[in-house]
Amino acid sequence: RGHWGAGISLYGTDATIENVLVIGNKKRDGAGTGIGGGIYVSMGDVTIRQATVLGNSQGQGGGIAHYNSSGDLVVLNSIVSDNDAATGAGIYESCSTCTTTVTYTDVWPDDVSGVDFTAGSAGNLAADPDFVAWAAGGLWTDQDLGLRSSSPGVDAGDPSTKDADGTRADLGFYGGPAGK
Numbered sequence: 203r204g205h206w207g208a209g210i211s212l213y214g215t216d217a218t219i220e221n222v223l224v225i226g227n228k229k230r231d232g233a234g235t236g237i238g239g240g241i242y243v244s245m246g247d248v249t250i251r252q253a254t255v256l257g258n259s260q261g262q263g264g265g266i267a268h269y270n271s272s273g274d275l276v277v278l279n280s281i282v283s284d285n286d287a288a289t290g291a292g293i294y295e296s297c298s299t300c301t302t303t304v305t306y307t308d309v310w311p312d313d314v315s316g317v318d319f320t321a322g323s324a325g326n327l328a329a330d331p332d333f334v335a336w337a338a339g340g341l342w343t344d345q346d347l348g349l350r351s352s353s354p355g356v357d358a359g360d361p362s363t364k365d366a367d368g369t370r371a372d373l374g375f376y377g378g379p380a381g382k
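Residue numbers (the numbering used here): 203 to 382.
Below you can see the structure in the form of structure tokens.
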């Protein structure tokens, strides 16, 4: 629980966050205006790749927030789903000299603020990821966040990224060369 980035908070650093699950992080008690329930980025160049950011909550940017920054944020081959916020439940950007680029990513529901995100463009989706077993509010240890074969996120990643079996990458934590 935290006011700035309840799950992961990056301030003034360059980083790559890859093959991570960021699940069920909440705003700190009494801090209804917090920013970045799952991931908070400020003042650095950050790439988020093959991540599943799910069921997080914050005042702004329930899933991912890029705030008060001069750096660039890239979100690629990821799933940002079922997050909650008053503004930008999926992805939120509020900065004057930064860029947030989202490609080959499923944001569900399609709730972004300050970010150029269009489903059907740049490989992006706005569809239920169709996890094997996910119940909002449930314990993450009781969930199976693999994608069903019918999921729109199967083989939907950047065509230059492959899964361990050599096929086009699936979206989220279980996709890409380090995935299952």
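Glycine included, C-beta positions come from ideal geometry on N, C-alpha and C.
Query raised in the report: Taking C-beta to C-beta, are Asp357 and Asp372 nearer than 8 angstroms?
Result: Against the sequence shown, residue 357 aligns to sequence position 155. Against the sequence shown, residue 372 aligns to sequence position 170. For Asp357 and Asp372, yes; Cβs fall inside 8 angstroms.
Query raised in the report: Can at least three beta-carbon pairs, one atom from the region 237-246 and one from the region 312-331, be found at a separation below 8 angstroms?
Result: In short, these stretches do not touch, since the Cβ pair count stays below three.
Query - Distance, Asp286 Cα to Asn270 Cα - result: In the sequence shown, the residue the question calls residue 270 occupies position 68. In the sequence shown, the residue the question calls residue 286 occupies position 84. Cα to Cα, the separation comes out at about 21 angstroms.
**Report entry** Same chain only: Cβ atoms within 6 angstroms of Ile220, ignoring 5 sequence neighbours per side
**Finding:** Counted from its first residue, the sequence shown places residue 220 at position 18. A small correction: the amino acid at residue 220 is Glu; Ile does not occupy that position in the sequence shown. Result list for Glu220: Arg251, Gln252, in chain order.
Query raised in the report: Going by the CB atoms, is the gap between Leu223 and Val248 shorter than 8 angstroms?
Result: Here residue 248 refers to the residue found at position 46 of the sequence shown. Here residue 223 refers to the residue found at position 21 of the sequence shown. Contact: no.
Query raised in the report: Of the residues Gly377, Gly348, Asp367, Arg350, which one's Cα is nearest the Cα of Asp360?
Result: The sequence position of residue 360 within the sequence shown is 158, counting from 1. If we check each option's Cα against that of Asp360, Gly377 comes out closest.
Query - One or two residues paired with Trp336 in a DSSP bridge - result: Within the sequence shown, the letter at position 134 stands for residue 336. Trp336 pairs with nothing; no bridge assigned.
Query raised in the report: What are the boundary residues of the beta strand (DSSP E) that includes Ser283?
Result: As a position in the sequence shown, residue 283 is number 81, starting the count at 1. Per DSSP, Ser283 belongs to the beta strand (DSSP E) from 281-283.
Report task. Alpha carbon to alpha carbon, how far is Ala335 from Val277? Give it in angstroms, no decimals. Result -> Here residue 277 corresponds to residue number 75 of the sequence shown, with the count starting at 1. Here residue 335 corresponds to residue number 133 of the sequence shown, with the count starting at 1. Their backbone Cα atoms lie some 24 angstroms apart in a straight line.
Query - Beta-ladder partner(s) of Gln262, from DSSP - result: Within the sequence shown, the letter at position 60 stands for residue 262. Bridge partners of Gln262 according to DSSP: Ile237, Thr289.
Query raised in the report: Is the Cβ-Cβ distance between Gly273 and Gly290 less than 8 angstroms?
Result: Residue mapping note: residue 273 aligns to position 71 of the sequence shown, counting from 1. Residue mapping note: residue 290 aligns to position 88 of the sequence shown, counting from 1. Taking 8 angstroms as the Cβ cut-off, Gly273 and Gly290 do not qualify as a contacting pair.
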